[in-house]
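Worksheet: the structure to be examined is printed underneath.
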Amino acid sequence: MKKTVLVTGGAGFIGSNFVYLLLEERPEWKVVCVDALTYAANIHTLNEALKNPNFVFYKEDIRNREGIFTIFEKEHPDIVVNFAAESHVDRSIENPGIFLETNILGTQVMLDACRKYGVERFHQVGTDEVYGDLPLDRPDLFFTEETPIHTSSPYSTSKASADLLVYAYHRTYGLPITVSRCSNNYGPYQFPEKLIPLMINNASHDKPLPVYGEGLNVRDWLYVKDHCYGILAVLEKGKVGEVYNLGGHNEKANIEIVKIILKELGKSESLITYVADRKGHDQRYAINPTKANRELGWSPTTMFVDGIKLTIQWYKEHMDWMAECTSGEYMNYYEQMYGNR
Ligand code: NAD
Numbered sequence: 021m022k023k024t025v026l027v028t029g030g031a032g033f034i035g036s037n038f039v040y041l042l043l044e045e046r047p048e049w050k051v052v053c054v055d056a057l058t059y060a061a062n063i064h065t066l067n068e069a070l071k072n073p074n075f076v077f078y079k080e081d082i083r084n085r086e087g088i089f090t091i092f093e094k095e096h097p098d099i100v101v102n103f104a105a106e107s108h109v110d111r112s113i114e115n116p117g118i119f120l121e122t123n124i125l126g127t128q129v130m131l132d133a134c135r136k137y138g139v140e141r142f143h144q145v146g147t148d149e150v151y152g153d154l155p156l157d158r159p160d161l162f163f164t165e166e167t168p169i170h171t172s173s174p175y176s177t178s179k180a181s182a183d184l185l186v187y188a189y190h191r192t193y194g195l196p197i198t199v200s201r202c203s204n205n206y207g208p209y210q211f212p213e214k215l216i217p218l219m220i221n222n223a224s225h226d227k228p229l230p231v232y233g234e235g236l237n238v239r240d241w242l243y244v245k246d247h248c249y250g251i252l253a254v255l256e257k258g259k260v261g262e263v264y265n266l267g268g269h270n271e272k273a274n275i276e277i278v279k280i281i282l283k284e285l286g287k288s289e290s291l292i293t294y295v296a297d298r299k300g301h302d303q304r305y306a307i308n309p310t311k312a313n314r315e316l317g318w319s320p321t322t323m324f325v326d327g328i329k330l331t332i333q334w335y336k337e338h339m340d341w342m343a344e345c346t347s348g349e350y351m352n353y354y355e356q357m358y359g360n361r
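Here the numbering used here is used: the first residue of the sequence shown is 21, the next is one more, and so on.
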């Protein structure tokens, strides 16, 4: 059946992968992308989508109530998937304000638009970081949907607040919502401030690879396309009012990832440079995705060994895309974080 899906943050990493997945997997649907095109976006990411007649793009800020309401009046979305967010933990430590504005107040504007114009589903793209962290010496522990919210950074706190607001709109106003919480994603179109593309970019240019602390922090890595299939499964099979954890059972310490990248690129480990640890750095994230497996029939299909090769290959073939992202504001940020290395 034909549907109109409004995707916020669709010029960013996961949102753009989701746009492409919808255009491919649901060719009868119309995809409306709303993105403010912050530093984290690259409009060229959407070049192929922009050629598709089922795709429209609006440069708009989700905090702008009037602008968002106008788009709803024009497009009448059936489904809204809210990816738009400030997403980088380090930036939230430097400047929390914009995280609260976009991630909480922007989400409120989207929820209000959904209430006013009516939708069959509002889906909030959430993070496992809302559960806080797990100790490194307890590999038997995993986050489930019942794990208490216990955030560490301004980023995760803003995302947890948004999730709570989403429930509140369900409970108070009966808005048909779902929430997914995902572990760390990797794959094409990720902005090179994040671990994997940062390391690929630096190693490719024989620049030092800055690794926090001793690099022992563990993340549960999920190939972005698997995440996007998970969100589609929640939209089509998930129960209204429910949260679904999406994870890859692919736990790796940061230093392992860095060494895999260096090996794949044929570069020396002498490029690794240990830098002062991130403030309040979460030790380990690990998701138990049993509910999504059982209720949605979803499970990831990309093994990390394959996904990382696909990812490195993609960045090697898209160094021009990387260069667009790393020009301008990025260099100021990089120098502020890691010095002029
Ligand atoms: P990203 O930073 O790559 O992209 C965010 C996009 O949102 C950008 O295109 C940006 O321009 C847009 N945006 C930012 N502020 C906006 C605003 N005020 N109005 C409209 N658009 C705005 O982020 P990502 O990694 O693709 O993450 C997408 C979502 O998934 C986020 O909500 C994030 O919290 C969540 N998430 C990410 C991961 C991960 O590993 N990357 C894991 C779990 C959950």
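Idealized CB from N, CA, C, for every residue including glycine. Just so we're clear, the structure is a prediction, and the values are computed from it rather than from any experiment.
Q. With 16 as the cutoff for other CB atoms within 10 Å, does M323 come out buried or exposed?
A. exposed
Touching or not, the region 132 to 139 and the region 272 to 292, by the rule of three or more beta carbon pairs under 8 Å? no
- Message: Measuring only from the beta carbon, is L57 closer than 6 Å to any heavy atom that is part of ligand 1?
- Response: yes
Original post:
What separation, rounded to the nearest whole angstrom, lies between the Cα atoms of E165 and T310?
Top reply: 10 Å
*Would you call the CB atoms of Y209 and F75 closer than 7 Å?*
no
For the alpha helix (DSSP H) that contains Y175, what are its first and last residues? 174 to 193
Discussion item. According to DSSP, simplified to helix, strand and coil, what is S200?
Written reply: strand
- Query: Nearest to G117 by CA position, among T177, G286, K79, is which residue?
  - Reply: T177
Is the Cβ-Cβ distance between T127 and L57 less than 7 Å? no
Length of the line joining the Cα atoms of L242 and G327
9 Å
So, helix, strand or coil for K79, using DSSP? strand
Query raised in the report: What's the gap between the Cα of C134 and the Cα of I275?
Result: 43 Å
| query | Quick one: does the C-beta of C202 sit closer than 6 Å to a heavy atom of ligand 1? | reply | yes
request  = Counting only the same chain and skipping the five closest in sequence on each side, list residues whose C-beta sits under 6 Å from that of H108.
outcome  = E213
**Prompt:** Taking 7 Å as the CB-CB limit, is V263 close to chain D?
**Reply:** Absent from the structure: chain D. Only one protein chain is present.
**In DSSP terms, what W334 is bridged to** = DSSP output for W334 lists no bridge partner at all.
- Query: Taking Cβ positions, are V150 and T122 nearer each other than 7 Å?
  - Reply: no
* To do: Please classify E256: does DSSP put it in a helix, a strand, or coil?
  => helix
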